[in-house]
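Protein chains in written order, with the working numbering: chain A, 1 to 111; chain B, 1001 to 1116. Here a beta-carbon is modelled for each residue, glycine too, at the ideal position from N, C-alpha and C. Source: prediction; values computed, not measured. Presented below is the structure to which this report refers.
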Amino acid sequence: ELKVEQNPLFLSMQEGKNYTIYCNYSTTSDRLYWYRQDPGKSLESLFVLLSNGAVKQEGRLMASLDTKARLSTLHITAAVHDLSATYFCAVERYNNNDMRFGAGTRLTVKP
Amino acid sequence: DTGVSQDPRHKITKRGQNVTFRCDPISEHNRLYWYRQTLGQGPEFLTYFQNEAQLEKSRLLSDRFSAERPKGSFSTLEIQRTEQGDSAMYLCASSRSPISYNSPLHFGNGTRLTVT
């Protein structure tokens, strides 16, 4: 059974600092997604990573994928308060076409 | 693109009652998914449709749960004889078939169910 684990589950950081969120998964998959969820809101797609070594960047967020290690990272650079949210990674079950989500990382950026 | 819409946004019901939720996907998306999310957890897969065909159901979907997608457009999720453990946010998502770089899952705002 595909398992997706994120760490840390809670992250409190100061504005301007850098940090990395990790996502490990248990079976072979070539497709990994990062979503953002604000309180009371739905999930917003951030990144789609489709191959080993894929790296995507948008603003202060950068996501990467290592399919051999079954690991994806979401790196936050010079955090700002607007990045406060819960971030989920999700792994596609190839040939099954549904996605399994991690438990999420609740990020709080403090001034 | 009007997005995925779900109705109602909130539902409070007494234990033992039946409830039904509706999801309208993005019009050109032929895949429709139902997920359940409890507080502090990620979404858990329940079931998905391609057009009107229900292709997979999770073990989480007990006999009290049924989902339909008549005519391959909107979908309904019904829970019979609700239990307090059913309290959660029920999320609907849609995508083109198959999920791809250009078509990740697009989520609705969810229906929050509270069973008292």
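Coil, strand or helix - residue i by DSSP
i	result
HIS1029(B)	coil
ASP82(A)	helix
GLN1080(B)	coil
ASP1007(B)	strand
LYS1071(B)	helix
CA nearest to the CA of residue i, picked from the options
i	options	result
SER11(A)	SER84(A), PRO111(A) and TYR25(A)	Per the sequence shown, residue 11(A) should be read as Leu rather than Ser. Here the closest residue by C-alpha is SER84(A).
THR28(A)	LEU2(A), HIS81(A) and GLY104(A)	LEU2(A)
LYS56(A)	GLU44(A), THR108(A), SER42(A) and THR73(A)	THR73(A)
VAL48(A)	ILE21(A), ARG31(A), LEU61(A) and SER42(A)	ARG31(A)
SER1062(B)	GLN1080(B), TYR1048(B), SER1087(B) and SER1095(B)	GLN1080(B)
ASN18(A)	HIS75(A), SER45(A) and ASP82(A)	HIS75(A)
Residue i versus residue j: straight-line alpha-carbon distance, rounded
i	j	result
GLU1083(B)	ARG1015(B)	5 Å
GLN1041(B)	PRO1070(B)	30 Å
GLN37(A)	THR1013(B)	26 Å
PRO111(A)	GLN14(A)	6 Å
GLY1110(B)	ASP1007(B)	8 Å
PHE1045(B)	GLU92(A)	11 Å
PRO39(A)	THR86(A)	8 Å
GLU1052(B)	ALA63(A)	35 Å
VAL80(A)	THR20(A)	14 Å
Short Cβ contact (8 Å threshold) for residue i with residue j
i	j	result
ARG106(A)	ALA90(A)	no
ARG1036(B)	TYR1090(B)	yes
GLY1108(B)	SER51(A)	no
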